[in-house]
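Residue numbers in the sequence shown follow my numbering, run continuously in steps of one, and reach 246 at the last position.
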Amino acid sequence: CKFWNDGVKSELENLFQHISTNNTSMTTYCKAFGDENPDSVERKACNHIAAGLKYIEDITSSGSTANKTGHQDDDNFFKQSMMCAALNLYADKIRDASSTKCPIDESKIKKMFDNWNVFNKFSSSTSCSTSGVSASGVNKCFECTRQNEDFKDCKLSVSSSLISATSPSKQPTGTCNKEESKVTTQIDGLLFKNDDPSQPHSIPQVKDTLSTITNMSNSFCTQLQCAAKQYYVKVKSGKSNEVNW
C-alpha cells in the first residue's frame, strides 16, 4: 500500500532506530520506575517508551509554515500522530511480552507516558492552533498520550489511489487489500509481521528491543524483583504495581 509503505514505514524505521540507540539516556523521566534498579524490566520499559516520546517531540517544523512545500506543519502532525499510534502498540507489546516474565501493570505503562508529558509541559497556547508550534518556538503542541482500548477500532478514510500497490507489477495483498483503513492492523503489520518470506520481520529493532527489555540475565536484583511480581500476580491475584516490599 502506498499510504502505509511509502508514507508511514520509513518514519517507523527512524523511530525504532532512535529507540534502539537512545534508550539509556532517559534517566530523568524514568527514575520513579523499577524500585531504584536501573536494570529492572520496568525501568528499561520506561526508557524505551521515553525514547520514543522524545523522537516524536523532536519532529519539529523547520521554520515558517509557508515553506516550499506549503504543508510542513500538516506533515509534522501526520508523522507525530502515526508515530504515537505505533508507540502505543509497542507499549502493548512491552506489557504483553513482560506478562509471563516480569509483569508490568497497565497503570504503570500509562504513568510512563504521563511522566514524560508532565516533565515536558506541553503547551495549550493559541499559537498551537495557528502555527503548530508553541509561543516559545519549540514544538510542544502535540502530546502523545497512552490510548485506551477504543484506539484499536480506529479507521482512516484512505483513498483507493493510496491503497494500490507501490509498483504496477505488484498487486496489494493480505492486510493491505482487506483492512487497508484499519490503523492498528496496518501499523502492527509493519512492526511485527511481513508477508515477504525473505524478511523475518519488517523492522528488526522492534523485536530486538523487546528482548532487551525483558532480559533479566544481567542482574540478580532484577530476577528477584520479577520473581516477586510473578508471585504476587499469579498467587495473590494482584497487580504488579501493588507489590509491597
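Heads up, the beta-carbon is just placed ideally off N, CA and C, and yes, glycines get one too.
It should be emphasised that the depicted structure is a prediction, and the values quoted were computed from it without experimental measurement.
CA-to-CA distance, TYR232 to SER20, given in whole angstroms: The sequence shown places Ile at residue 20, not Ser. Cα to Cα, ILE20 sits roughly 31 Å from TYR232.
For LYS10: DSSP bridge partner residues: Its beta-bridge partners do not exist; DSSP assigns none.
Where LYS183 falls: helix, strand or coil (DSSP): strand
Straight-line gap, ASP115 to ARG147 (C-alpha atoms, nearest Å): 8 Å
Helix, strand or coil at ALA228 according to DSSP, with G and I counted as helix: helix
Span of the alpha helix (DSSP H), counted from its first residue to its last, around THR101: Looking at the DSSP string, THR101 is not in any alpha helix (DSSP H), and its letter there is neither H nor E.
Rounded Cβ spacing between ALA51 and TYR30 (contact assumed at less than 8 Å): 5 Å
CA-to-CA distance, SER26 to ARG44, given in whole angstroms: 12 Å
Closest Cα partner of LEU90 within the set ASN48, GLU58, TYR56 and THR185: Nearest option by C-alpha distance: THR185.
Nearest to ASP209 (by Cα), restricted to the options ASP36, LYS94 and CYS142: LYS94
Cβ-based burial, SER230 [other Cβ within 10 Å; buried from 16]: In the sequence as presented, Ser is not what sits at residue 230; that position holds Lys. By the C-beta density criterion, LYS230 is buried, having at least 16 other C-beta atoms within 10 angstroms.
Nearest neighbour of LYS55, chosen from GLN226, VAL207 and CYS145 [CA to CA]: CYS145
Buried/exposed call for ALA143, threshold 16 Cβ in 10 Å: Residue identity check: residue 143 is Phe in the sequence provided, not Ala. Buried: at least 16 other Cβ atoms inside 10 Å.
CA nearest to the CA of ASP154, picked from HIS49, ALA86, ASN77 and GLN226: ALA86
Buried versus exposed call for ASN149 [16 or more other C-beta atoms within 10 Å across all chains shown]: An exposed status is given to ASN149, since fewer than 16 other beta-carbon atoms sit within 10 Å of its beta-carbon.
Cα-Cα separation, SER11 to PHE221: Taking the straight line from one Cα to the other gives about 38 Å.
Where LYS1 sits in the DSSP three-state scheme: Beyond the ends of the chain as shown, which are 2 and 246, falls residue 1; an answer cannot be given.
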